[in-house]
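Comments concern the structure below.
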Amino acid sequence: SDLHLQQIIILLSCLELLWQEKNDYYASGNLTIYYNEEQLKKRDFCGPDFFVVLDTEKRPRKSWVVWGEGGKYPNLIVEILSDSTTNIDRTKKKILYQNTFRTPNYFWFDPNTLELQGFRLIEGQYQAIPANENGYLWSEQLELYLGIFDRKLRYFTADGQLVPTPQEAELEQRQAKEQILLEKEQERQAKEQAILEKEQAILEREKLAQKLRELGIDPETI
1 SDLHLQQIII
11 LLSCLELLWQ
21 EKNDYYASGN
31 LTIYYNEEQL
41 KKRDFCGPDF
51 FVVLDTEKRP
61 RKSWVVWGEG
71 GKYPNLIVEI
81 LSDSTTNIDR
91 TKKKILYQNT
101 FRTPNYFWFD
111 PNTLELQGFR
121 LIEGQYQAIP
131 ANENGYLWSE
141 QLELYLGIFD
151 RKLRYFTADG
161 QLVPTPQEAE
171 LEQRQAKEQI
181 LLEKEQERQA
191 KEQAILEKEQ
201 AILEREKLAQ
211 KLRELGIDPE
221 TI
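Residue 59 in full-length UniProt numbering sits at position 59 of the sequence shown; the count goes up by one each step and never skips.
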């Protein structure tokens, strides 16, 4: 669905923008993960909606082949729930990610009901991640919170700041530049006004001095 696709794009683009200086991770969406040859024979393909692998090379891939990537599995997986996948995401995939992938963080999010649930792997078992006072769930793998903003699953920094999308970041930069230009213009106008007021004061003093002289009074004696 559109909501499904939009959500994956947000998760991917926000992280890429935030981590634009990093080259030691891989993030993707709807990409098949191959984890054993038996899976290939059965054509039992597994493609999480969104996943992140840390401490790996950042480069384009057509799929994630675990045995070709040094045995690395995702550090974090997010599934976007839908009517057709909800049961699988809550059961079969949760067990797969816990027992086979041993993925440290697993989240699911329903873009329609806004249900958000997160799990942390503790001693081989998924334990629910408690929400903070804002309802955000902490991912120690990303060192970010995951929470809901404007009906979308978003990242938040450790101090609760929203991680912007590229569009939001561009808008913020444009507004910041416009604010700087506005402040410079206001500063220029203030300087011009100060010069004008100074010139006006000099003109008034000259007029007063002229009137005093016309009255036979030396302005210098006053």
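For every residue, glycine included, the Cβ atom is placed at its ideal position computed from N, Cα and C.
- Query: For K62, does the three-state DSSP call read helix, strand or coil?
  - Reply: DSSP places K62 in coil when its eight states are reduced to three.
- Is it true that the CB of V78 sits closer than 8 Å to the CB of I33? No, Cβ-Cβ distance for I33 and V78 is not below 8 Å.
- Message: Let me confirm a value: I129 is counted as buried when at least 16 other C-beta atoms fall within 10 Å, else exposed. Which label applies?
- Response: When all chains shown are included, I129 counts as buried.
- Task: Tell me I148's beta-bridge partners as DSSP assigns them.
- Result: DSSP output for I148 lists L153 as bridge partner(s).
- Query: Considering only residues of the same chain and omitting the five flanking positions on each side of Y35, which have a CB-CB separation below 6 Å?
  - Reply: For Y35, the CB contacts under 6 Å within the same chain, skipping 5 residues up- and downstream, are V66 in chain order.
- Query: Touching or not, the stretch 97-107 and the stretch 71-88, by the rule of three or more beta carbon pairs under 8 Å?
  - Reply: Touching, yes.
- Identify whether N105 lies in helix, strand or coil by the three-state DSSP scheme. It is a strand residue.
- With a CB to CB cut of under 7 Å and the five nearest residues on each side skipped, what residues in its chain are close to Q127? For Q127, the CB contacts under 7 Å within the same chain, skipping 5 residues up- and downstream, are F119, R120 in chain order.
- Query: Among H4, S63, A176, which has the Cα closest to the Cα of G47?
  - Reply: Measuring C-alpha to C-alpha distances from G47 to each of H4, S63, A176 identifies S63 as the nearest.
- Message: Between which two residues does the alpha helix (DSSP H) holding I222 run?
- Response: Per DSSP, I222 is not a residue of any alpha helix (DSSP H), being assigned neither H nor E.
- Query: Just reading off the beta strand (DSSP E) that I80 is part of, what are its end residues?
  - Reply: Judged by DSSP secondary structure, I80 falls within the beta strand (DSSP E) whose first and last residues are 76-80.
- Cβ of Y73 within 8 Å of Cβ of T103? Yes, the Cβ-Cβ distance between Y73 and T103 is below 8 Å.
- How big is the Cα-Cα spacing for T56 and A27? Computed Cα separation, rounded: 10 Å.
- Message: Pull the bridge partners of W138 from the DSSP assignment, please.
- Response: BP columns for W138 point to Y145.
- Message: Check whether the stretch 161-175 and the stretch 2-21 touch, using three or more Cβ-Cβ pairs below 8 Å as the test.
- Response: Contact holds between the stretch 161-175 and the stretch 2-21, because three or more Cβ pairs, one in each stretch, are under 8 Å apart.
- N-terminal and C-terminal residue of the beta strand (DSSP E) that L54 is part of: Note, L54: beta strand (DSSP E), 50-54.
- C-beta atoms of I10 and R151 nearer than 8 Å: No, Cβ-Cβ distance for I10 and R151 is not below 8 Å.
- Whether D2 touches G29 by CB criterion (8 Å): Their beta carbons are not under 8 Å apart, which means D2 does not touch G29 by this criterion.
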